[in-house]
Amino acid sequence: SGHAVEVRLYAETPENGFLPSIGTIESLDWGWLHHPPAGVRIDTGVESGDEVTPHYDPMIAKVIAHGDDRVTAIGRLQRQLMGTRLQGPGNNLGFLQRLLADELFQQGNANTQYIDANLDQLTTPVVGDRATLLAAVAQLLSDDAAAARLQAQGRGEPNSPWAITDSWGFADGSRRGLIFVGSTGEPVELSVQQINHAGEQLSFACEQLSAIHPETLSVDVRFTGTLCKVSVNGEPWVGAVHRTGDQFEISTPEQRVVWRYHSPLQTDSDDTEDEGALTAPMPGTVLQINVAVGDKVEPGQLLMIVEAMKMEHSIVATHAGEIAEIRAAVGDFVEADLPLVLF
20 SGHAVEVRLY AETPENGFLP SIGTIESLDW GWLHHPPAGV RIDTGVESGD
70 EVTPHYDPMI AKVIAHGDDR VTAIGRLQRQ LMGTRLQGPG NNLGFLQRLL
120 ADELFQQGNA NTQYIDANLD QLTTPVVGDR ATLLAAVAQL LSDDAAAARL
170 QAQGRGEPNS PWAITDSWGF ADGSRRGLIF VGSTGEPVEL SVQQINHAGE
220 QLSFACEQLS AIHPETLSVD VRFTGTLCKV SVNGEPWVGA VHRTGDQFEI
270 STPEQRVVWR YHSPLQTDSD DTEDEGALTA PMPGTVLQIN VAVGDKVEPG
320 QLLMIVEAMK MEHSIVATHA GEIAEIRAAV GDFVEADLPL VLF
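Here the working numbering = 1-based position in the sequence shown + 19.
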């Protein structure tokens, strides 16, 4: 009795026509240690370290939730997906979360044409809001504080002022400038004054310098595993934070957004090699080449066909020009993002 809802977690890129994605599953974490929460079942045959190859179906898992009614089942499924981390190949986690949060779907009124009719809304990368940005900032500050403490302990100086992770500093030295970049590609500049850090709790003041009307925000954070509870000027927010290097993936029951920390040590690459090249959308075999070096082509002209996962992918000219180089032959197996045709 009751209701059950199932979603299928795939290694694919919804924003790119749901093309399958391949690669090593660097991390697959369901957000619990031994058993799934009540009403949740996960059917999977893969784990961290496994490879998703172009030779097999890229499904990672079936995630099923049961409840007394539809709303309960969907809520359990949303919480499970929020805490799930899949690092490596592209995946449809964000798409599934947005679909489950859709009001028409929750009411049971979505038909089989619904996804196609709302594809842009469901697949366009989400622009992170203030709360998700501050969750990323909090995770960065917490990680840096933990690293500083370990470094001081490693030197045998656990009581050193350099191991103190509250607001101690020379003059205004505890004020720190940060830059994060979201899905729009626009940098967001912040000024952070860390106030207090104790265990899993963190408090700091933050000002968004790039805002039209900057204001200082009072932020209180509590971490429980990957779960992050944030209060911004008294307004609560809850989500999960997954960090990989300088990338912070912030997940709520409704969506999944990515913020990238721009470290002061990073430099912008000026490497323009292969700029304008047309690349393979995924690993596959070249079936057909319709042009030769020196040919003049028009936008939209078919240049090459690559077969992958029993599908044919057309490589077409994005602009008018002359073919300068072709880096594959019919029958070649090519890797994803490999430059195939250069102008």
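Quick reminder that beta carbons are idealized off the backbone N, C-alpha and C, glycines included.
Asked                                                                                                                                                                    : Found
Roughly how many angstroms separate the alpha carbons of Ala343 and Glu34, rounded to a whole number?                                                                    : 30 Å
Closer than 7 Å by C-beta to Gly109: which residues in its own chain qualify, once you throw out the five before and the five after it? Chain order, please.             : Ala30, Glu31, Thr32, Ser40
For Gly258, count neighbouring C-beta atoms within 10 Å of its own C-beta (all shown protein chains included) and say buried if the count is 16 or more, exposed if not. : buried
Go ahead and pull the three-state DSSP assignment for Val82.                                                                                                             : strand
Beta strand (DSSP E) containing Glu25: first to last residue?                                                                                                            : 22-29
Do Glu317 and Gly303 have their CB atoms nearer than 8 Å?                                                                                                                : no
Just to confirm the assignment, what range does the beta strand (DSSP E) spanning Glu268 have?                                                                           : 266-270
Hey, out of Cys247, Val251, Ala296, whose CA is closest to Thr337's CA?                                                                                                  : Ala296
With distances taken Cα to Cα, identify the nearest neighbour of Ala157 among Lys81, Phe242, Gln126.                                                                     : Phe242
Fully enclosed by the stretch 304-338, which beta strand (DSSP E) runs are 3 residues long or longer?                                                                    : 321-327, 330-335
Out of Gly147, Lys81, Glu25, Gln132, which has the shortest C-alpha to C-alpha gap to Arg89?                                                                             : Glu25
How far does the beta strand (DSSP E) with Val262 in it extend, from its first residue to its last?                                                                      : According to the sequence as given, residue 262 is Arg; it is not Val. Start and end: 254-263.
Judging by CA-CA distance, which residue of Gly107, Ser237, Glu219 is the nearest neighbour of Ala165?                                                                   : Glu219
Let's see if you can read the secondary structure: which residues bound the alpha helix (DSSP H) around Ala136?                                                          : 133-136
For Gly196 and Leu236, I'd like the C-alpha separation in whole angstroms.                                                                                               : 15 Å
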